[in-house]
Amino acid sequence: MKAYETVIGLEVHVELATKTKIFCSCTTQFGGDPNTHCCPVCTGMPGTLPVLNKQVVDYAIAAGLALNCTITQKCKFDRKNYFYPDLPKAYQISQLYLPICRNGGIEIETETGKKTIGIHEIHMEEDAGKLVHDPWEDCTLVDYNRCGVPLIEIVSEPDMRSAAEVIAYLEKLKLILQYLGVSDCKMQEGSLRADINLSVREVGAKEFGTRTEMKNMNSFKAIARAIEGERKRQIELLEYGKKVIQETRRWDDNKDTSFAMRSKEDAQDYRYFPEPDLPPIDISDEWLQEVRSRQPELRDEKMLRYEKEFDIPTYDAGIITGVKKLADLFEETVAICGKPKEVSNWLMVETMRLLKEQEMEAENILFTPVRLAKLIQMIEEGKINRSVAKEVFENIFKENVDPLDYVEKHGLGMVSDDGLLRSSIEQILSDNPQSIADYKSGKTKAFGFLVGQTMKEMKGKADPGKINQILKELLDEK
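The numbering of the sequence shown is the numbering used here, which starts it at 1 and goes up by one.
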């Protein structure tokens, strides 16, 4: 069998986090009853005219700058004509001839080192509606709520060669967009969707093979499986002397296979022409500089700063900055309590443990920086010990409870009465003469046993350091 190389490019559709749609004032909020988030403009009623939402342009510029693109300061919209039931106007307002961003790229980590994935362009457009297939009634319904939700489409160069590289690119892209705040990138809600353009060729060949496109993939696992499945399908065709047909295919993740949908269209099939109802966009130097000045610190820079400024290990800094929610929690908590290593430890150990147990994503964390900072301060002030703190934190994690109120309500405050602690230890020593003898004969485990018995007697509310001190004093007197 011949050796083949896979060539992959992506078209990533990103719904922008504006409050209103790209050309009208309807809400972009996800969900809602079908056909309640739409108006005559986004459903394409005769006589209506679009009005561009400036925030869409701001977000597109911000994404372009973060992805190292050249900004097209004089750009315009074009009309893409096609008929489909989820597109009530029978055309989509998009950009073909002068997209807002061009010639960018981002660096990803691969098994063989760093690699730059080129970005051909980013263009703005409006989203279509959604078809809802009802197998019970054997019919298809249309929900136009999504019509007119603003999108940017990020078109890569065909620079990826494996599913691993594709996932690395998508993860990096998703994180950049989330740090920018231009999109929540919730794939389960369709905020980030990818079309996969894939072809295979013999290793060493210069010409690309015939590509196919798989549309609207919205999970990393499905994307990886689809790439592997389509790669194998194309290689099998070539090995049997058949040709790969240029077409659009639908991936069925349940059946682990793809199905032909239609022949792949080219630009001329859409009869593009300049959008007559919208004027060209003139992005001034001042406008561009204004957006540039608002660009936030992105993950790579933040990671380096955490290591240098907070003395956080590289691995920990990578995990914390790998999710914007965690990075925000870390920085805001540190700003309140001034204990970066303590904050890092609570996020890296207890938070990660509870996320795994609850099968939660870090983006859905409920507790606030104020609650975590207060818990850390209570430990520092000796109001609770670390054993109690773990119990309290679990309730902070689940219900965002106030740690001080929780400790008072459940009587978990540290026992600070040295006299009570001393008398309890004396009683434990009296009840365990063998442990005293073992300790005197050099068996160190006996000391640990006595500490454990004391903690049990004090219901976990004593200071372990104080227990050790008093216990050693009393044992030395024996």
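Every residue gets a Cβ at the ideal spot worked out from N, C-alpha and C, and that includes glycine.
Distance from the CA of P340 to the CA of Y306, rounded to the nearest whole angstrom, comes to 9 angstroms. Counting other Cβ atoms within 10 Å of its Cβ, T140 stays below 16 and is therefore classed as exposed. In this structure, the beta-carbon distance from G148 to E126 falls below 7 angstroms.
For the pair M214 and I223, the Cα-to-Cα distance works out to about 9 angstroms. Per DSSP, the continuous beta strand (DSSP E) segment holding T116 begins and ends at 113-126. A Cβ-Cβ contact shorter than 7 angstroms links E11 with D195. Here the region 81-92 does not lie against the region 278-288, with fewer than 3 beta-carbon pairs under 8 angstroms apart. In the three-state DSSP reduction, Y97 falls in the coil class, being neither helix nor strand. Taking G44 as the centre and dropping the five residues before and after it, the same chain places the C-beta of P88, K89 closer than 7 angstroms to its C-beta, in chain order. In the three-state DSSP reduction, N103 falls in the strand class (E or B). Distances from the CA of V7 to each of N385, V200, N103, F330 were compared; the closest alpha carbon is that of V200. Between T110 and the set A168, C75, N364, Y179, the nearest pair of CA atoms involves A168. Counting C-beta atoms within 10 angstroms of its own C-beta, K325 has fewer than 16 neighbours from the protein chains shown and is therefore classed as exposed. If you look at Y4, you'll find it in the beta strand (DSSP E) that goes 4-15. Per DSSP, the beta bridge partners of P150 are E126. Taking each of Q95, V349, Y240, R250 in turn and checking the Cα distance to I227, the smallest one comes out for R250. Distance from C101 to I122 at the Cβ level is roughly 4 angstroms; contact confirmed, criterion being Cβ atoms closer than 8 angstroms. Counting along the chain, no beta strand (DSSP E) covers W136, and no H or E run does either.
A direct Cα-Cα distance of roughly 37 angstroms separates I154 from E350. C75 sits in a strand when the DSSP states are folded into three classes. Ranked by how close their Cα comes to the Cα of Q246, the residues S219, D269, R211, L278 have R211 in first place. Along the region 34-93, the alpha helix (DSSP H) occurs as fully enclosed runs of 4 or more residues at 54-66, listed in sequence order. DSSP, reduced to helix, strand and coil, places S441 outside both helices and strands of the structure shown, so it counts as coil. Setting aside the 5 residues that flank it on each side, N53 is surrounded in the same chain by T18, T20, K21, I22, F23, P150, each with a C-beta closer than 8 angstroms to its C-beta; the list follows chain order. Here C38 has C26, Y144, N145, C147 as same chain residues with Cβ atoms under 7 angstroms from its own Cβ, once five neighbours each way along the sequence are excluded. By a beta-carbon distance limit of 8 angstroms, E342 contacts I376. Their separation comes to about 5 angstroms. The shortest C-alpha to C-alpha distance from G9 to any of P403, I379, Q73, A163 is the one to A163.
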